[in-house]
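I have placed the structure first, in the form of structure tokens, so that the comments after it can refer back to it.
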Amino acid sequence: MAYYRCVGDVPPKRHTQHRTPDGGLYFEELMGEEGFSADSSLLYHRAIPSAIADATEWELPDLSTRPNHPLKPRHLKLHELFPGESWKAADVVTGRRLVLGNADVRISYAAAGEASPLYRNAVGDECVYVESGEAVVETVFGALTAKQGDYVLLPRATTHRWVPQGGEPLRTYCIEANSHITPARRYLSKFGQLLEHAPYCERDLHGPAEPLLAEGTDVEVLVKHRGGGGSVVGTRYVYPEHPFDVVGWDGCLYPYTFNISDFEPITGRVHQPPPVHQVFEGNNFVVCNFVPRKVDYHPLSIPVPYYHSNVDSDEIMFYCGGDYEARKGSGIGQGSVSVHPGGHSHGPQPGAYERSIGVEFFDELAVMVDTFRPLELGEGGLAADDQRYAWTWSGRGPA
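In terms of numbering that gives the first Met the number 0, the sequence shown opens at residue 0 and continues consecutively.
If you want it as structure tokens, here you go:
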């Protein structure tokens, strides 16, 4: 995100001496993307950031996937993954369950009541949508407050942890990339500013406001990183000093939040295609959100989507609020995910087409991920599948 911020104590010129109050030196760290040729930030540490005291294997949760074969649309009921009060003993990092994934992106879900371990994803950026609950997200850049409706964008290799607040479950929908996640390029100027026609602007992005300084020795950090042959593996580091020792930083690479309520919907006289709902993009996928909005105002308009076969992508919709008009009668509700794979024509449920005529406003809230390579089902997706959704258009199913 090429939007400059400066937080805490930094020297007047980069790569120069930055002295502590007692005359010692702070240690400058460049955190940058694409081999010194893209966005970066400079962080100033009290201790040497590369010093580790131990490194051992960390066994990751089950990341195996199974093809969606035979090809069919699916309804995944994510709230069933954390029944009863099981969320109280879970955290957002080690408790997340893989729902869908491919080589470009993995989608996981967690309901948590415990603080997570310190964690760093060295595979790609994370975009975490907060379905409900509140948290403080402590990071090496400073703390973020995260509430219902927030996207939390965490750049690759940002050390952080999630600390739930209050007594309600912190429900999170995690989109993990194998790349960086940015605002849609068509909304950016050639220098990276969000343009006037963009559905949000820099004022809507909230980064850390001050350093988060922590004390401690022999501090564990879990790191997810790339292994051999495209695999993803885990390592448990022990740091001699707490990694949250940054007295100041500046640059264009940092974590931030964006609340879905700050997205200004783009509407028209007839039904608008999904790209108008786009908010972020990564390599081979996009993230869109559908928010409460006035709908099509042509006198002969049909406000729900037309039936469509999006031949190049899988369409994954997470229903996180409101009343999604096109899916009425399907069993889909709060916490549901619909999987509409490439190669399958899909659209409104029976009756929704006709019921939408004359409707002026949709009260719906959903997060959509479109991928340009097929998604496979993770263990969480298989466990949450209702097994009935594919037959809801016809009213028939296998004998």
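For each residue, glycine too, the CB sits at the ideal point set by N, CA and C.
- For Y352, no beta strand (DSSP E) run applies; the uninterrupted alpha helix (DSSP H) run containing it begins and ends at A351 to R354, by DSSP.
- Taking C-beta separations shorter than 6 Å and ignoring five residues to either side along the sequence, E33 has no partners in its chain.
- Residue burial is scored here from C-beta neighbours: G148 has at least 16 other C-beta atoms within 10 angstroms and is therefore classed as buried.
- In the DSSP assignment, the residues bridged to L29 are L41.
- The beta-carbon separation of H241 and E214, rounded to 6 Å, stays under the 8 Å limit for a contact.
- It is roughly 23 Å from the alpha-carbon of R65 to the alpha-carbon of Y318.
- Here DSSP, grouped into helix, strand and coil, assigns Y255 to strand.
- A distance below 7 Å between beta-carbons, with the five flanking residues on each side excluded, links A134 to the following residues of its chain, in chain order: A145, W161, V162, P163, Q164 and L169.
- Nearest neighbour of D8 by Cα position, chosen from G23, L29, H44 and A37, turns out to be H44.
- With respect to C126, L152 sits close: the two C-beta atoms are nearer than 8 Å.
- For A109, the CB contacts under 6 Å within the same chain, skipping 5 residues up- and downstream, are V91, G94, R95 and T171 in chain order.
- For E56, the CB contacts under 8 Å within the same chain, skipping 5 residues up- and downstream, are V232, G233, T234 and R235 in chain order.
- As the crow flies, the alpha-carbon of N258 is around 28 Å from that of L221.
- Rounded to whole angstroms, the gap between the alpha carbons of L75 and M367 is 14 Å.
- Under the criterion of beta carbons closer than 8 Å, G342 and L70 qualify as touching, at roughly 6 Å.
- With a cutoff of 8 Å on beta-carbon distance, H345 and P60 are scored as not near each other.
- At a Cβ-Cβ threshold of 8 Å, A102 and R268 do not count as neighbours.
- Here the alpha carbon of F140 sits roughly 17 Å from the alpha carbon of R13.
- Rounded to whole angstroms, Q16 and L42 show a C-alpha spacing of 13 Å.
- Using a C-beta cut-off of 8 Å, the segment 328 to 343 makes contact with the segment 382 to 389, since at least three inter-stretch Cβ pairs fall below that distance.
- DSSP places L381 in the uninterrupted alpha helix (DSSP H) bounded by E378 to A383.
- Here DSSP, grouped into helix, strand and coil, assigns Y296 to coil.
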